[in-house]
Structure formats: structure tokens, C-alpha cells
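Quick notes on the structure that follows.
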Amino acid sequence: RMPFADNQPYEEAPLLQKESSPKGVGANFPMLDGRRWRHPDRLSWNGQGGLHELRHEETDRSHDAWSREPRPSSRQGHELCTGVLEYSDGVGVDSRARADRNGASRPPAGDIPRGGAGLTAAPCRQTRCRQTPLQCQARKYYPLLVVFLLAELLVLCVLPVQAYLHWSKENWRLLFRVVPDFILLAVWLAGMIAVVVSYAYHLHRLIGSELAPDADVKAAFDALTHVVIVCSYKEPVDVLERTFASIAGQRGIKKLPIAVFAAEARDVTWRDAEEHLQKVCRGGVNTLISTEHVLVEGEVAGKSSNENWAAREVYRLLVDERGLDPFEVLLTIVDADSILSPTYLAHVEAAFREQPDGRRLVYNGPLNVYRNFAEAGVFVQCLELARCHQDIFHNPFHVPYPFSNYSLTLGFSAEIGFWTPDVMPEDIHTVNRAMVNSFGSKTTVIIPALICNDLVAGFGDRYSQAKRHQWGSVTELAWTLSLVRDMGLRLHAWGAVFLSEACRAGSFISTVACAAALFVEAMILVEMVQHWHSIPARVRFVAALCGSYVAWRWLWFWIAEFALWQTLLHQFPIERPSACRWFVLVMVMPVLSTVNVVVFLIIPTMHALCYAVFVGELAYVVAPKGRALSEVP
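If you count the sequence shown from 1, position 549 lands on 535 in my numbering, and the numbers rise without skipping.
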């Protein structure tokens, strides 16, 4: 039995009766095969092995028959932080907050799982059910991050230096003598082979992804409904045209996708852009839906609050009104400057069908921001080369977090409360919330198809973007701390989420570890340069093995990049640099990659930490996109 706040007993109802649904009308829920989809808020276990239907006032306490624990609205609870706004259930918002295009008030829409976005004068009902905390509830943990910083630096910097200073040189020489040569050579050879195997695996996985996947797996199932949400705020029309043209050009899927133009009410130009996009999408999409998000108190301006509103509107239109199964609707989130591979949605659907149960997973493609690569300077080009390469050719045993573009089912997004409207790093936050929903299990599935985005070309603008990225790392660590106290998540589940966030590339903890590693490496390098002639031959031999391994990795770095640029990237309208610039990049990349770690990772992290602890919330700044109009093939 679900622990409702009002302690009211269940209103018993008979088991669900089968409702036949003609094939092709809506979608059949896998666990209720042959039954018409019923609104998930109406269902719950009756404690006797069956299902019963809940009363209307109880619908915000349960999402579906197989959900873990009920939660209130994703926006419910802002009164804990602001004391001003209180939210009710329902996708739509009442006339005091929203108005339709004609200026007439829009009545509240129907109920939606775990609350909605409607404003109300009635107070929020308190619940004893555990819920994922909002970001505003994690602000009190920001000062604790300084303790994390000092403790990590103590362990990773001070202790190794003290060990080196207090250990005699004879002991260090003895340590190198203990390890036989054949073990050193075996480790070196295994590392060299592992580099080749890793790159071969990724190239085999990626090359050919511009083709539609095998249709045998998908043929056994009904076609999924694809919805692509594009969040926009004062974006250039030519940038939006590229994005929506790529959505309209999808192939390898049975149904035309539904495109969603998620605009902000603050943008007075969005209706003109919508009219142009209707022409661009004509014949290539099932329909183009436009949503208008009005920023309310307690929300943070940015992508998360906008897509939270847009996804709820999609749920209202497709599930509440058309009766579709939300777990058969794949929601893809992209940026306004994203160019989808023509087979991207087909690969997402294939990955969904290949899983034993793909309904509660997040699907992530490789990061790529090369569309306007030639516009940037050497520093930014080296930075983005390293960042995209790390994500595309990642450790095969590690699943990277998504960057901006990812997919999940509409039902899963509703189950986790859609998007949190007061966070900035909506991509990593969504994955972490998905892990909480699955009790700490991994939820991300990688797909080979690419989405090509624009990079931020200016040095100053790129630093501002880096600061925004690292602000997300700072706040996300504080949010994981709030999972224990404010949500009551059990320790072993919290440990899995915390460890995943700590090991994420660019996270606060991994960034501090990177800074400590650079410090220790710099000390070792200085020591070796100063005493090179007195260093034993055995130590020189080990240093030579390490140097050859680093050189081998750089060689394969450029081999893989060459293969990528000559194959997969031909499907995108990329501005390519000259041969002279490529030569410069190859020469300076080993040095600038280290400099960029300091300039665009470590310093922005410390900047964001100081801002969070001593100043307040960081304002969202839209990064400038590429301006050149390119035709999408």
C-alpha cells in the first residue's frame, strides 16, 4: 500500500477490464498486452496481487502500477525554498500564469503523473513519501564542498609529497629494482595493445552508423513514436533551420517524427521563427508542435525549465488526449544548433529494442561540436578536439554521461518527474535522477549515431561556457549530498550515484583529482630534469617506457581523428580547417591540451565554487552559436 499523507484507506475497485484497441491506434503497454493504455495515475497495486483504480485526489501520489514510490510534482516544493509559489497537479497552467496565442485564458489541463506545472492558490499537500530533492534544497550544502576540496588536495597532493621527501633515495631505487624487467615490459606491452584494441572497437562501432540499422529487430515490434524537443531562446533562424531540417530528414523509422519547438515567452521573435520552421518541416515530420514557456519564480532561466514545460505539454497532447502509451514514445532532447545524423532516431529505436527492457534507460550518442570548427582559434580547437575525442573514444568499460543531446521514453521522464526547473546541468542531472529511480543502477546506453553541434569560437565566450559547465559540476555534487538527508536514499544506492558522479569526466571531484595529478606530475618532471644525470639507469628505463606509451597514445589519437573526419563527419556540413592549421594542431596539441585543462577546467571549477559559496546563483548565459548558413544534405 502506498503511504498517502492523508492516511485515507484505499477505495477498492475491480481489476482492470480488457479494452480492445485496434492495431495502429495508440500503443499497447508491454505488461498489459492487448489492453488500451489507461492513465498511469489511475493505477496502483491493491496489495492482493491485482490493480485497482485510485480516487482523483490520490492521483498525484502514484505514477503507474510498477513505480517504486509516489512523488509530488517536480515543481512542488518550491515553497520550501522561496515561500512564495505553490504548485498543483496538471500539465496546463491556469490563466494567471499562461495565456494562449489569442490572449484567451487557458484552462488547466488534465492530471499528469506526480504533479505538473500549474499555479494554484491552494497550499501544497505535504507528503511522507520520499522525493528527489530540488536544487534549491541542496544550496545549504555548497559550503561543504570546500571541505571536499581541502580533503582531496590533502590526500592527493600533500601526502605524496611528504612520502617522497621522507623516503630516502635508496628506498626509491630499491623499489624500482624489486620489479623485474619482464614484468615492466609485460605491463608496457599490454598497455600498447589495449590502446589499439580500444580504438579498433570504437572505429568498428562508429563507422557505418550513417546507415540505418538492421530492421530485423524492429520488425517484430510496433513502431515507436519519436518526439524531438528543440529548446530555443532568441536563436538565429538559420541555426534553427539546420536543426529542424535534420529532424525532417530522418530515415530508417516507420513513423515520421514529431518536432517540438520549445520557445520562451521572453523571446518576442519566436512566432516568426515558427512560421519559417513550418515550411522547413513540411512533409518531413508528423507535426510541428510549438510550446511557450513562461518563466515563473523558483525556476532558473535555461534549457531545463523550458524542456520541463515542453515535455509536460507533449505528455498532455499524446497521452492524456490521444491515449498513447508513454513508454512507447521516445523523447529526444537536442540543442537549437544540433544537426542530427539522418539515422540517429533509427539507431535510438534499435538500441531501445535490443534491451531486455528499454523503457527506463537513457540513450546517448557521441559528443561532437565540429560544425563550425574552422571559426575557432587554436586554443579552442585543441580543447574541443580533446573533449570530443575523450567522449567518442571513451574507455570501453565506462559509459559516459550525455552532453545536451540524449533520448528517453516519455513515460520514464514522467516517472522521474520530468525535468527539474531550477537546475542548470539538465543532462547530467537527468541521468543521476534516473539512477536514483533505479536504486543506483546504470541507466545509460550508448548509440553510435552522431549529432553535430556548434562550438563556441571566442576565447572569452568559451571560458564563460566552461564556467557554466563547471557550475553544474559544483551544484550536482551538492545535490548528491542532499539525497541522503533530504530524500533519505539508502546508503548503498546513494554510494552508487555518488561514485558515478565522482568518476564522471569534468565532475568536481575528478577535476580536483586532475589538478592534484598535474601538480604531482609537474614536481616529478622538475625533479627528473634537475637530476637527470644522477638518475639511475633503471629509472630512466621506466621513464622511457612511460614516454613511449604516451607517444603511442598520441599517434592513435590522430589516426582515429583522421578516420573520423574522412568517414562519419562527411554527412555533416562542417567547416574544415586548412592543412596548415592541422599541422599546427598536431604540433601544439600535447602542450595546449595540458594548458586547456588548467584554463577551461580547473580555473572555472574554482571560480564556480567561490561563486556558489560566497556570492549566490549563477545566471544562465546562452552561448553564441555559429552564424553561417549551411545546407543539410
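The C-beta atom is built at its ideal place from N, Cα and C for all residues, glycine as well. Values in this document were obtained by computation on a predicted structure and should not be read as measured data.
Limits of the alpha helix (DSSP H) - the one that residue i falls within
i      : result
Leu441 : No alpha helix (DSSP H) contains Leu441, which DSSP labels as neither H nor E.
Thr255 : First-last for Thr255: undefined, no H or E at that position.
Cys143 : Neither: Cys143 is in no alpha helix (DSSP H) and is coded neither H nor E.
Ile545 : 523 to 552
Ile378 : 364 to 378
Asn423 : 412 to 423
Tyr330 : 330 to 340
Pro576 : 565 to 583
Pro497 : Note that residue 497 corresponds to Thr in the displayed sequence, not to Pro. Counting along the chain, the alpha helix (DSSP H) containing Thr497 begins and ends at 494 to 516.
Ala198 : No alpha helix (DSSP H) holds Ala198; DSSP gives it neither H nor E.
Run of the beta strand (DSSP E) containing residue i, from where it starts to where it stops
i      : result
Tyr127 : No beta strand (DSSP E) holds Tyr127; DSSP gives it neither H nor E.
Tyr651 : Because residue 651 is not part of the residues shown, which for the chain are -13 to 619, the question remains open.
His279 : 273 to 279
Ser393 : 392 to 395
Thr430 : 430 to 432
Residue i classed as buried or exposed, judged by whether at least 16 other C-beta atoms fall within 10 angstroms
i      : result
Phe15  : Residue placement at Phe15 is poorly supported in this model, since its pLDDT is 32, which falls under 50; the coordinates are not used for a value here.
Cys489 : exposed
Ala605 : exposed
Cys596 : exposed
Pro93  : In this predicted model, Pro93 has a pLDDT of only 37, less than 50, meaning its place in the structure is not dependable; the value taken from the coordinates is given anyway. It counts as exposed.
Tyr387 : buried
Ala523 : exposed
Phe313 : buried
Leu105 : A caution first: Leu105 carries a pLDDT of 28, below 50, which makes its placement in the model too unreliable to give a value.
Met573 : exposed
Gly76  : With a pLDDT of 39 at Gly76, under the threshold of 50, the modelled position of this residue cannot be trusted, and the question is left open.
His455 : buried
Asn621 : A question about residue 621 goes unanswered here, because the residues of the chain that appear run from -13 up to 619.
Phe548 : exposed
Val413 : Reading off the sequence shown, one finds Asp at residue 413, where the question assumed Val. Under this definition Asp413 is a buried residue.
Pro352 : buried
Gln451 : buried
Ile623 : Coverage of the chain is limited to positions -13 through 619, which leaves residue 623 absent and any answer about it impossible.
Ala90  : Because the pLDDT at Ala90 is just 38, under 50, the model does not fix this residue reliably, and the value given afterwards should be weighed accordingly. The residue is exposed, with fewer than 16 neighbouring Cβ atoms inside 10 Å.
Ser399 : buried
Lys265 : exposed
Asp640 : Absent from the structure is residue 640, since the part of the chain shown begins at -13 and ends at 619.
Pro590 : buried
Phe600 : exposed
Residue closest to residue i, alpha-carbon to alpha-carbon, out of the options
i      : options                        : result
Val183 : Asp323, Trp542, Val574         : Trp542
Glu221 : Met178, Asp323, Phe134         : Asp323
Ser579 : Ile510, Gly602, Leu504         : Leu504
His593 : Ser459, Arg539, Phe389         : Ser459
Arg346 : Asp253, Asp167, Phe425, Ile545 : Phe425
Leu304 : Leu396, Pro576, Phe168, Asp167 : Leu396
Ile275 : Ala287, Ser493, Ala537, Pro243 : Pro243
Thr318 : His384, Phe247, Pro342         : Phe247
Pro411 : Lys289, Leu467, Asp377, Asp200 : Lys289
Thr255 : Phe230, Ser218, Gly344, Cys438 : Ser218
Gly177 : Arg539, Trp568, Thr591, Gly474 : Arg539
Val223 : Ser393, Asp253, Thr430, Thr416 : Asp253
Val348 : Val300, Ile433, Gln121, Asp321 : Ile433
Val442 : Leu326, Phe586, Val470, Val315 : Phe586
Leu331 : Pro342, His188, Gln341, Leu316 : Leu316
Val300 : Leu170, Val213, Asp343, Tyr150 : Val213
Glu250 : Leu310, Ala296, Ala209         : Ala296
Asp440 : Val366, Leu467, Glu401, Val417 : Val366
Asn391 : Asn272, Gly446, Asn358, Ser327 : Ser327
One or two residues paired with residue i in a DSSP bridge
i      : result
Ser290 : According to DSSP, Ser290 bridges with nothing at all.
His212 : Leu316
Ile589 : Paired residue(s): none; Ile589 is not in a bridge.
Cys217 : Ala248
Ile325 : Cys438
- Okay, do the region 543 to 555 and the region 336 to 343 touch, 3+ Cβ pairs below 8 Å being the bar? They do not touch, by the three-pair rule.
- Segment contact, 8 Å Cβ cut-off, at least three pairs: the region 495 to 512 with the region 133 to 147: With a cut-off of 8 Å, the region 133 to 147 and the region 495 to 512 count as touching, because enough Cβ pairs lie within range.
- Please determine if the region 362 to 380 and the region 558 to 572 are in contact, where contact requires at least 3 C-beta pairs separated by less than 8 Å. They touch, by the three-pair rule.
- Message: Between the region 473 to 490 and the region 419 to 433, can you find at least three pairs of beta-carbon atoms closer than 8 Å?
- Response: Result yes; three or more Cβ-Cβ pairs closer than 8 Å.
- Message: Pairs of beta-carbons, one from the region 399 to 408 and one from the region 283 to 300, closer than 8 Å: are there three or more?
- Response: Because the criterion of three Cβ pairs below 8 Å is met, the region 399 to 408 and the region 283 to 300 touch.
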